[in-house]
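**Q** Protein chains in written order, with this note's numbering: chain A, 1 to 212; chain B, 213 to 424. Glycine residues also receive a C-beta, built at the ideal position from the N, C-alpha and C atoms. Since this is a predicted model, take the numbers as computed values, not measurements.
Number of protein chains: 2
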Amino acid sequence: MGKKDTKERILDAAELLFAREGYHPTSLRAITKEADVNLAAVNYHFGSKEALIKEVIARRLLPLNALRSKRLQEVKDEAQRKKQKPPIKDVLRAFIEPTLKFRESGRGARAFVTLVGRAITEPDDTVRNIFMELIQPLFRQMFELADESLPHLPKDIILWRLHFAIGALTHTMHCMDKCIMPPPGVEQPGAQALSSIIIDYAAAGMESAHES
Amino acid sequence: MGKKDTKERILDAAELLFAREGYHPTSLRAITKEADVNLAAVNYHFGSKEALIKEVIARRLLPLNALRSKRLQEVKDEAQRKKQKPPIKDVLRAFIEPTLKFRESGRGARAFVTLVGRAITEPDDTVRNIFMELIQPLFRQMFELADESLPHLPKDIILWRLHFAIGALTHTMHCMDKCIMPPPGVEQPGAQALSSIIIDYAAAGMESAHES
DNA sequence: GTCTATAGATTGATAGAC
DNA sequence: GTCTATCAATCTATAGAC
């Protein structure tokens, strides 16, 4: 199990470099050099640079989304069992906790999280759409659950507030790499501690009063 | 006043294209074509592509930061006058409201906001540092004021929560252009309405209880 | 200051031998 | 599947005429 096959080596190298340098500035030459494979191997295995990043994203995002979706469904089931509204904190936790935990699961996962954090603001339509299409169903699932949780709030307010939570989460993940102004202490909180900090914050924001 | 000078035309065109297509994918050829000036004019007036984006950013960010800084100082002065803690909602408003209002002030300003929203996640160190150095003093000023406002909270918690607000704000500004999942109604709220929505959310999150 | 022309380097992609 | 060699296009930057 020492040496992975060429395809996986390319995916790992691309993930790392796309995260570190960005999609456009990273050349196929840099990727194949990092992966220690031949330049032509990229086009042989993937067909194009665009198809490569598509696989880089899908490889990790599909399992992660499946986990988050499962967690959201559990919150919904639990609420129905109790015949209560799903607590908004549980809804947020189902989305946020797996995301931050996933980031700690390895070097590749960490690079990947940086990568998708940038995919949201990516100007290139093709790159951004790859991410959008994979995240939209999950985002809709979370929205519908949040709507059940806070039925007294207008739908557009719920949607904006969920966007605020997404923004806070993605910005946080980026901060953990390269921060505008890092927290005073040297050591950063672990995934579990940071999850709590952000979930508390987002839940308070979600639950705050709204006068129309 | 019909025709601006070459330098300004280049800045306007660069702002627009860097926002729409991104920094790296935008070529100097595309910029000079959009500005209807000669290709060589960029290097004559700015010296390099990097120096160009530096001026694109500084041209609008310096006045905007001056305004936000003034608003923060006013909140601080008002609190000292009343011998009270500065309300966290006022602190957040001093930062957020000018930002969203600025975005409505014209086509260029709108493109610019998209551009700086992406600058935070920009992998290129040179581009990101241009933005970082200009925003850091302001961010520190806001942090110190928030610390006066919420003295019972640990400094690192205040810092994280401010980052959450920054993340929510930048994500929101990006959503106003290209959203993962746009709000149900066709029309978007104006700067004033959206400011209130985000300030209410962020203030609730900032004020929420924290058990160490 | 503005232009043409081009240098010099790098890119994504491919053809074809092995 | 993997390699070398290369094409064709694009890029930033600059030299030099006007």
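When we look at the beta-carbon of Ala323 of chain B and count the other beta-carbons within 10 Å, is it buried (16 or more) or exposed?
**A** Sequence index remark: in the second sequence, residue 323 of chain B carries index 111 (1-based). Buried.
**Q** Which of helix, strand or coil does DSSP assign to His163 of chain A?
**A** Taking the first residue of the first sequence as 1, we reach residue 163 of chain A at position 163. Here His163 of chain A sits in helix by DSSP.
**Q** If contact means a Cβ-Cβ distance below 9 Å, which residues of the stretch 333-344 of chain B contact chain A?
**A** Thr333, Glu334, Pro335, Asp336, Asp337, Arg340, Phe343 and Met344
**Q** How big is the Cα-Cα spacing for Leu284 of chain B and Met418 of chain B?
**A** Counting from one through the second sequence, the residue named residue 284 of chain B turns up at place 72. Counting from one through the second sequence, the residue named residue 418 of chain B turns up at place 206. Each residue's Cα considered, the two are about 17 Å apart.
**Q** Pairs of beta-carbons, one from the stretch 127-139 of chain A and one from the stretch 48-57 of chain A, closer than 8 Å: are there three or more?
**A** The count of Cβ pairs closer than 8 Å, one atom from the stretch 127-139 of chain A and one from the stretch 48-57 of chain A, reaches three, so the stretches are in contact.
**Q** Any beta carbon of chain B sitting closer than 7 Å to that of Pro151 of chain A?
**A** Reading the first sequence from its first residue, position 151 is the one you call residue 151 of chain A. So, not an interface residue.
**Q** Go ahead and pull the three-state DSSP assignment for Lys301 of chain B.
**A** As a working mapping, residue 301 of chain B is identified with position 89 in the second sequence. Lys301 of chain B: helix per DSSP, three-state reduction.
**Q** Which complete alpha helix (DSSP H) runs does the stretch 334-384 of chain B hold, if anything under 4 residues is left out?
**A** 337-361
**Q** Could you check which residue in A:Thr172, A:Glu8, A:His210 and A:Pro25 has the C-alpha nearest to that of Leu100 of chain A?
**A** As a working mapping, residue 100 of chain A is identified with position 100 in the first sequence. Nearest of A:Thr172, A:Glu8, A:His210 and A:Pro25 to Leu100 of chain A, Cα basis: A:Thr172.
**Q** Counting Cβ pairs closer than 8 Å, one from the stretch 73-92 of chain A and one from the stretch 143-153 of chain A, do we hit at least three?
**A** yes
**Q** Looking at C-beta atoms only, is the number of pairs between the stretch 366-383 of chain B and the stretch 156-172 of chain A that lie closer than 8 Å three or more?
**A** yes
**Q** Taking DSSP as the reference, what is the three-state secondary structure of His386 of chain B?
**A** The residue labelled residue 386 of chain B in the question sits at position 174 within the second sequence. Helix.
**Q** The alpha helix (DSSP H) with Val37 of chain A in it runs from where to where?
**A** Counted from its first residue, the first sequence places residue 37 of chain A at position 37. Per DSSP, Val37 of chain A belongs to no alpha helix (DSSP H) and is neither H nor E.
**Q** Counting along the chain, where does the alpha helix (DSSP H) carrying Pro63 of chain A start and finish?
**A** Taking the first residue of the first sequence as 1, we reach residue 63 of chain A at position 63. Residues Lys49 to Lys82.
**Q** When we look at the beta-carbon of Pro262 of chain B and count the other beta-carbons within 10 Å, is it buried (16 or more) or exposed?
**A** What you label residue 262 of chain B is simply residue 50 of the second sequence in a count that begins at 1. What sits at residue 262 of chain B in the sequence shown is Glu, not Pro. The residue in question, Glu262 of chain B, is exposed, as its Cβ has fewer than 16 Cβ neighbours within 10 Å.
**Q** Compute the minimum distance between the beta carbon of Gln353 of chain B and the heavy atoms of the ligand FMN, and state whether it is under 6 Å.
**A** Here there are no bound small molecules, and the ligand FMN is not part of this structure.
**Q** What is the rounded straight-line gap between the Cα of Ala119 of chain A and the Cα of Met344 of chain B?
**A** Here the question's residue 119 of chain A lines up with position 119 in the first sequence. Here the question's residue 344 of chain B lines up with position 132 in the second sequence. Spanning the two alpha carbons is a distance of roughly 20 Å.
**Q** Terminal residues of the continuous alpha helix (DSSP H) containing Tyr201 of chain A?
**A** As a position in the first sequence, residue 201 of chain A is number 201, starting the count at 1. First-last of the alpha helix (DSSP H) with Tyr201 of chain A: Ala191 to Glu207.
**Q** Taking all protein chains shown into account, decide if Tyr256 of chain B is buried (16 or more other Cβ within 10 angstroms of its Cβ) or exposed.
**A** Indexing the second sequence from 1 puts residue 256 of chain B at position 44. Result: exposed.
**Q** Just checking my contact of Pro237 of chain B with Arg20 of chain A at CB under 8 Å: how many whole Å lie between their CB atoms?
**A** Looking up residue 237 of chain B in the second sequence gives position 25. Looking up residue 20 of chain A in the first sequence gives position 20. That pair is no contact at about 18 Å.
**Q** Please confirm if Pro366 of chain B has its CB atom under 7 Å from at least one CB of chain A.
**A** Position 154 of the second sequence, counted from the first residue, corresponds to residue 366 of chain B. Residue-level contact by beta carbon fails for Pro366 of chain B and chain A, as no gap is shorter than 7 Å.
**Q** Is the beta carbon of Ser424 of chain B closer than 7 Å to that of Asp200 of chain A?
**A** Within the first sequence, residue 200 of chain A is the residue found at index 200, counting from 1. Within the second sequence, residue 424 of chain B is the residue found at index 212, counting from 1. No, they are not a contact pair.
**Q** Can you tell me which of the three DSSP states Ile10 of chain A falls into?
**A** To locate residue 10 of chain A, count along the first sequence from 1; it is residue 10. Correct three-state label for Ile10 of chain A: helix.
**Q** Quick one: which residues of the stretch 397-413 of chain B get their C-beta closer than 9 Å to a C-beta of chain A? List them in chain order.
**A** Gly397, Pro401, Leu406, Ile409, Ile410, Asp412 and Tyr413
**Q** What residues in the stretch 133-145 of chain A have a beta carbon less than 8 Å from any beta carbon of chain B?
**A** Ile135, Gln136, Phe139, Arg140 and Phe143
**Q** Can you give the beta carbon distance from Pro98 of chain A to Leu62 of chain A, rounded, assuming they're within the 8 Å contact cut?
**A** Along the first sequence, one-based indexing puts residue 98 of chain A at 98. Along the first sequence, one-based indexing puts residue 62 of chain A at 62. About 13 Å separates the two Cβ atoms, so there is no contact after all.
**Q** Could you tell me which of A:Thr121, A:Tyr23 and A:Arg9 sits nearest to Val37 of chain A, measuring between CA atoms?
**A** To locate residue 37 of chain A, count along the first sequence from 1; it is residue 37. Minimum Cα distance to Val37 of chain A is reached at A:Arg9.
**Q** For chain A, is any of its Cβ atoms less than 7 Å away from the one on His236 of chain B?
**A** The residue given as residue 236 of chain B occupies position 24 in the second sequence. Closer than 7 Å to some Cβ of chain A, the Cβ of His236 of chain B qualifies, so yes.
**Q** Using three-state DSSP, classify Tyr256 of chain B as helix, strand or coil.
**A** Here residue 256 of chain B refers to the residue found at position 44 of the second sequence. Tyr256 of chain B: helix per DSSP, three-state reduction.
**Q** Can you tell which of A:Asp177, A:Arg103 and A:Glu144 has the C-alpha that lies nearest to the C-alpha of Gln192 of chain A?
**A** To locate residue 192 of chain A, count along the first sequence from 1; it is residue 192. With distances taken between Cα atoms, Gln192 of chain A lies closest to A:Arg103.
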